[in-house]
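So in the working numbering, spot 50 of the sequence shown is number 50, and the numbers just go up one at a time. Report on the following structure.
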Amino acid sequence: MSTFEPNLVGFLCNWCSYAGADLAGVSRIQYPTNMRIIKVMCSGRVEPGMVLGLLEAGADGVMVTGCHIGDCHYITGNLHTKRKFTLLQKLLTKTGLEPQRIRLEWNSAAEGQRFASLVKDFTDQVRSLGPTPLRIPKHDSLRLLNIHAAKEAANGFRLRALVGKEEKLVTDCNVYGEKVQQTDFTAAMDDAIETEFQIHRIYIMIQEAPSSVKDIAKKIGVQPSNVLNYIVALRQRGWIDVKEAVEGTPLYAAQ
1 MSTFEPNLVG
11 FLCNWCSYAG
21 ADLAGVSRIQ
31 YPTNMRIIKV
41 MCSGRVEPGM
51 VLGLLEAGAD
61 GVMVTGCHIG
71 DCHYITGNLH
81 TKRKFTLLQK
91 LLTKTGLEPQ
101 RIRLEWNSAA
111 EGQRFASLVK
121 DFTDQVRSLG
131 PTPLRIPKHD
141 SLRLLNIHAA
151 KEAANGFRLR
161 ALVGKEEKLV
171 TDCNVYGEKV
181 QQTDFTAAMD
191 DAIETEFQIH
201 RIYIMIQEAP
211 SSVKDIAKKI
221 GVQPSNVLNY
231 IVALRQRGWI
241 DVKEAVEGTP
251 LYAAQ
């Protein structure tokens with residue numbers, strides 16, 4: 001049997017899931033003590049970048065819990081949580097870390113036993129995965145680059161704005177009076193996620209040392225033509241520029 005005990009973090013909303021955890025405590029319900037709890041006023045306050053930052057720092061798993069759908073103290077806060085968690089899942093799949101290291105659950109103030117069961121189940125789930133590869137002394141540098149890039153992409157304006165506008169665009173209409181189909185929005189969102197993830201991977205690399213398109217493409221496993229497109233986008237944002245040319249090959253550096 002494995003002796004590994006995972007280090008877990010749990011975000012609990014003040015009104016439901018934290019009260020459920022409190023009920024589990026006063027009811028003396030036994031459950032694992034692996035989870036460090038962070039109380040937030042609403043699960044909708046938990047940003048994808050916060051979860052990715054904890055994983056980057058070495059957490060083995062992160063669980064977000066909130067009020068059941070329809071029972072949110074702030075009416076629609078947990079609906080925002082669902083959309084943010086979808087973004088988080090899509091970014092995490094690009095990093096190389098197991099998707100089972102994150103989890104979203106709903107728990108009411110009256111469900112002390114359910115909260116205890118959720119913690120036990122999540123602890124067992126992460127224990128079966130083993131320690132996060134980011135905490136191993138000789139960790140995969142590319143995976144660490146990926147998780148850092150995913151966190152920066154999640155914290156960036158473009159993805160945050162898209163998540164915030166999704167409900168209005170697909171249920172109401174845009175500024176031109178046009179309603180956006182969910183499938184079209186999802187496709188646009190997926191494209192934005194891929195672009196922002198790759199752009200931030202490249203930018204982090206260039207911050208470390210000036211690099212050419214071919215060097216970047218080789219390291220991150222992306223076609224040089226696609227890397228060049230991302231380089232153009234980075235230059236348009238004013239994040240990078242050509243530092244010098246070596247034998248006719250431009251080397252790009254952070255501004």
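Yeah, the Cβ is synthetic: ideal placement off N, Cα and C, and Gly gets one too.
Item                                                                                                                                                          : Value
Can you have a look at Pro99 and say buried or exposed, based on whether 16 or more other CB atoms are within 10 angstroms of its CB?                         : exposed
Can you tell me whether DSSP reads Thr81 as helix, strand or coil?                                                                                            : helix
Do you know whose CA, among Asp215, Asn146, Asn107 and Ile204, lies nearest Leu23's CA?                                                                       : Asn107
Taking the runs of the alpha helix (DSSP H) that are 4 residues or longer, which of them lie wholly in the stretch 12 to 50?                                  : 17 to 26
Three-state secondary structure (DSSP) at Lys120?                                                                                                             : helix
With DSSP collapsed to three states, give me the class of Met1.                                                                                               : The predicted position of Met1 is uncertain, since its pLDDT is 47 and thus under 50; a value taken from the coordinates is nonetheless stated next. In this structure, Met1 counts as coil in the three-state DSSP scheme.
What are the start and end residues of the beta strand (DSSP E) that includes Asp241?                                                                         : Ile240 to Val246
Figure out for me which residue from Cys13, Arg101 and Met41 has the closest Cα to the Cα of Pro256.                                                          : As shown, the chain starts at 1 and ends at 255. That puts residue 256 outside it, with no answer to give.
Who are the near neighbours of His68 in its chain, counting only those whose CB is closer than 7 angstroms to its CB and skipping five residues on each side? : Trp106 and Ser108
Tell me whether Ala245 is buried or exposed, calling it buried when 16 or more other Cβ atoms sit within 10 Å of its Cβ.                                      : exposed
According to DSSP, Leu251 sits in a beta bridge with which residue or residues?                                                                               : Glu244
In terms of alpha-carbon separation, which member of Leu91, Ile220, Thr195 and Ile193 lies closest to Ile206?                                                 : Ile220
Roughly how many whole angstroms lie between the Cα atoms of Val242 and Val175?                                                                               : 38 angstroms
Within this structure, are the beta carbons of Gln40 and Phe11 separated by less than 7 angstroms?                                                            : Note that residue 40 is Val in the sequence shown, not Gln. It is a contact, given that the beta carbons lie within the stated cut-off.
Please report how far the alpha carbon of Met1 lies from the alpha carbon of Leu118, in whole angstroms.                                                      : Note on Met1: pLDDT 47, under 50, position unreliable in the model; the coordinate value appears next. Distance between the alpha carbons of Met1 and Leu118 is about 22 angstroms.
In the DSSP assignment, the beta strand (DSSP E) including Thr65 goes from what residue to what residue?                                                      : Gly61 to Gly66
What is the residue span of the beta strand (DSSP E) that Leu144 lies within?                                                                                 : Here Leu144 belongs to no beta strand (DSSP E); instead the alpha helix (DSSP H) covers Ser141 to Asn155.
Regarding Ser141 and the ligand ZN, is the C-beta to nearest heavy atom distance less than 6 angstroms?                                                       : Of the ligands one can find in the structure shown there are none, so the ligand ZN has no counterpart to examine.
Taking just the CA atoms, how far does Val232 sit from Arg113?                                                                                                : For the sequence presented, residue 113 should be read as Gln rather than Arg. Looking at the two C-alpha atoms, the distance is approximately 54 angstroms.
How about the stretch 73 to 90 and the stretch 32 to 46: do they share at least three Cβ pairs that are nearer than 8 angstroms?                              : yes
Considering only residues of the same chain and omitting the five flanking positions on each side of Thr93, which have a CB-CB separation below 8 angstroms?  : Pro99
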